[in-house]
Each structure stands twice: as structure tokens, then as C-alpha cells.
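In the working numbering, the protein residues as written are 97 to 517. Heads up, the thing below is written out as C-alpha cells.
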């Protein structure tokens, strides 16, 4: 049996934008051609795509990091760099993408073959053609590309089915699935034979629906006991539940107590108890079943929950049960996807800090790192732009407040400068 994986953490990153180009027009008989550096290309997006080809998240156990292609740098003659290729992450239908830090639902992938962009690539930087002015006709610097956003996300697979079979282990859920569908689940007389949801298609009276055999629930499942969380999440998308009981009590269990215990777990995990439900009283052909069935009917009298005695071994009672299920499903609306929360792509705050190590005043932070990428230190105009930018960001004032004086050494990104007012 292949390993079933239904939750995994991955890292995703959009592509960086390409850098703008510094170049000047060169043409025979044309002197002092103006700046013609092209813009950088856009970085690739991170795209998710739901597919019916996949059924688990097992592939993500071996690859946990996905990055879109960076945009290409601009070139001369005002040519824009190529945009980076998107990275398309294929997942099973029913996968929910959550922000790993906040738990917010970012995407709910219930439609197949509909690409959804989660992270957009960084914009390309401007070439030097954009920085020409009447007084600065040959700018020797360009803007670097915008860095692509990265994010840690959790993928959760929640099975998509019209009906979910719930009940304690070994009550006959897998056998029922095999009787009413063409599915061939693993069946044996021991607990937790089913370690992953099994899906099957039921055909009844010219109507078809998807049935999911949810692995057996144990007491405390809603608190994570056993494999509780892993199993209960697959019930969330079902339109209704078929609660299977061993009405014979063949394992020395009381069906009434089993019913209460399962309902308690369903209620504790996101109020799944409120889902429409029919009870399948399985093993009704065994000794003790008739008496227990009477007690169960008395217990559920007035609740509106229908009870159907069936026998998965003899196939008795399944026609009536499936017709009741079809009638209920037809009356129920489709399950709404989880509400997606917009991922607010906040512009990264540009900051810096100053530390005096005795030899130099060291300036660090993303503000100066971005600036250093844009400067051509072999060009006088570019150096003037660098100094103006430091003053505009408040770095000069901050250095002065930190005690820097004329002639002191300032270190930025492993480059040293002499402090000048």
C-alpha cells in the first residue's frame, strides 16, 4: 500500500526581477549617444494547480523548496530582459494552502486545471534610460530588480467526497465501500486496516456520487489521539455522513455508546456533528443485533436521523440505504470552498543600523544593501547619487548622531568610505 501523506510544509519563492542595464547608444557618425539601457525582466510567479492525477502529497516528502526563475537583466538598445519562467506546483484536488506562520488559508484548490498565482515575481529594475535629465544626460547607474517574495506554507489535503463513512475501527466501513462501489480497499478483521481515505463512486438509480471511507476514529481523535487530526480533516468537505455501527456488538461494544463517542469527537473537531447524517446499522444478521437495533431506535427517536439495518456480508438492506442517501444528497447544496484570505504583500520596510566596532562605523540593513546594488562606484555621477541617497535615507544624520566625525571610516557591505559632511 503506498504511503499516504496529507500534510506537508514547503518553502516557495517568486523570481527576482532582472536588473536594469547601464549602456549608451553607439552608432556610426552619431556622437554622444544618450543612455539606452533596457529594463530588467519580471521574475517568475509561484503558481498552484490542482490535478486529478495526484491523490496524496507524497511527492513533497522529497522536494520541499520551489523557486520561480529570475528575470533576465536588461540589455543595450532599450531591450527589456526576458521574464522568468513561472514555477507550477501540481497538487491533488482538495489541497488547502496555508501560511505556515499565521495559519490563514491562502488557496483552496478544489477546481482542477485552474492555475492560481500565490506569489508574483519581482518587477524588473529600470535601465539608465529612465534617469536622464537635462542636467544629468549620461547617468551611469540603473535600478536593480525587485526581489521576489518567499513564504513558508503548509499544504493540507482534504478529500473531496459527497459522503463520508465514519465509525469506530472494524465496524465494516471498508466492506460497505466495496459492496456499493467498485473500490477495492484493504479489508481484514483488525483495527486500523484503513490507514488512508479510500474513495469510490456509487451508481444508484441513474445518479452517481463519491463515497469516502474515512479511517476508523477513536475516542480522543479530536484532540489528536491515535491518527485523529489526520483523519478528521477529510470529513470537513463531505456533504453528509454515513455513520456505521456494529449493531451486533460483536466486539463486546455497546452500539449506543459507540454512537455517542463518535458524535462527541465530530462535535469537538469543528462541529462536524452538524453535518446531515444517516446511520447504517451493520452486521444486522448476527446474534444480538435485533435487540440492539430496538435500543438504538429508541435512543434516536425524535432526532430525525434515519437508521437502516444492513449486512455487508449478505448485502441485505443496501438498496434501501443507498436510495435514502441519494435522496439526501440531492437535497443538499455543494460544499463551499474554504474562504481564502488575501495574502497582503507588504512592501518590505527599508531599515538600517549602525555599529561602531572601534575601527569603523559599520552600516548594515536591507536599505543600504539595496542601494549598494544600484551604484557604479567607478562613476562620479553614480557616487553623487549614492551620497544623496544616504542623506535622504537618514544614514548621514544617524552616523553623525552615533559619533562619526570628518575623516572617520564607514563600512558598508565590506566597502570602506571616509565620512564627509
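Glycine included, C-beta positions come from ideal geometry on N, C-alpha and C.
In terms of alpha-carbon separation, which member of the options lies closest to residue i?
i, options, result
"residue 427", "413, 460, 336", "336"
"residue 251", "277, 189, 140", "189"
"residue 303", "264, 418, 347", "418"
"residue 243", "235, 466, 130, 218", "218"
"residue 150", "185, 136, 297, 141", "185"
"residue 511", "380, 467, 397", "467"
"residue 391", "350, 378, 383", "350"
"residue 139", "120, 494, 115, 230", "115"
"residue 385", "297, 345, 430, 447", "345"
"residue 192", "362, 380, 501, 204", "204"
"residue 154", "179, 103, 170, 194", "103"
"residue 227", "120, 137, 413", "120"
"residue 256", "306, 209, 272", "306"
"residue 41", "490, 248, 117", "Nothing can be reported for residue 41, as the shown portion of the chain is limited to 97 through 517."
"residue 411", "333, 136, 276, 112", "276"
"residue 179", "112, 162, 118, 465", "112"
"residue 474", "295, 297, 118, 515", "118"
"residue 78", "450, 462, 105, 509", "Residue 78 lies beyond the stretch modelled for the chain, which goes from 97 to 517, so this question has no answer here."
"residue 160", "105, 136, 197", "105"
"residue 254", "341, 399, 206, 452", "206"
First and last residue of the alpha helix (DSSP H) that includes residue i?
i, result
"residue 414", "414-427"
"residue 271", "269-276"
"residue 385", "385-396"
"residue 518", "Given that the chain is displayed from residue 97 to residue 517, the structure contains no residue 518 and the question cannot be resolved."
"residue 458", "Run containing residue 458: none in the alpha helix (DSSP H); it sits in the beta strand (DSSP E), 457-460."
So, at 6 Å on beta carbons, what are the nonlocal neighbours of residue i in its own chain, with the 5 sequence-adjacent residues on each side left out?
i, result
"residue 338", "259, 261, 374, 376"
"residue 182", "140, 141, 143, 164"
"residue 246", "109"
Which same chain residues end up closer than 7 Å to residue i when comparing Cβ atoms and leaving out the 5 residues on each side of it in sequence?
i, result
"residue 416", "404"
"residue 352", "391, 392, 395"
"residue 463", "446, 447, 448, 489"
"residue 235", "131, 224, 227, 228, 477"
Where does residue i fall in DSSP's three states?
i, result
"residue 501", "coil"
"residue 188", "strand"
"residue 305", "strand"
"residue 378", "strand"
"residue 107", "strand"
"residue 82", "The chain is shown from 97 up to 517; residue 82 falls before or after that span and cannot be answered."
"residue 297", "strand"
"residue 178", "coil"
"residue 432", "coil"
"residue 143", "strand"
"residue 319", "With a pLDDT of only 47 at residue 319, under 50, the local geometry of the prediction cannot be trusted, and no value is derived from it."
"residue 512", "strand"
Between which two residues does the beta strand (DSSP E) containing residue i stretch?
i, result
"residue 483", "It is not in any beta strand (DSSP E) - residue 483 instead sits in the alpha helix (DSSP H) that spans 476-489."
"residue 363", "Careful: residue 363 lies outside any beta strand (DSSP E), inside the alpha helix (DSSP H) at 351-364."
"residue 225", "Unbroken run through residue 225: none, as it is neither H nor E."
"residue 260", "259-262"
"residue 161", "161-163"
"residue 403", "402-405"
"residue 171", "No beta strand (DSSP E) contains residue 171, which DSSP labels as neither H nor E."
Leaving out five residues on either side along the sequence, give the residues of the same chain with a beta carbon under 8 Å from the beta carbon of residue i.
i, result
"residue 174", "132, 133, 134, 223, 225"
"residue 123", "129"
"residue 232", "477"
"residue 208", "146, 147, 148, 189"
"residue 372", "335, 336, 337, 424, 428"
"residue 409", "271, 379, 381"
"residue 515", "457, 495, 500, 501, 502, 503, 504, 505, 506"
"residue 268", "340, 342, 378, 379, 408"
Original post:
Would you call the stretch 231-239 and the stretch 201-216 in contact, with 3 or more CB pairs under 8 Å?
Top reply: no
Original post:
Can we say the stretch 451-459 touches the stretch 500-507, given the rule of at least three CB pairs closer than 8 Å?
Top reply: yes
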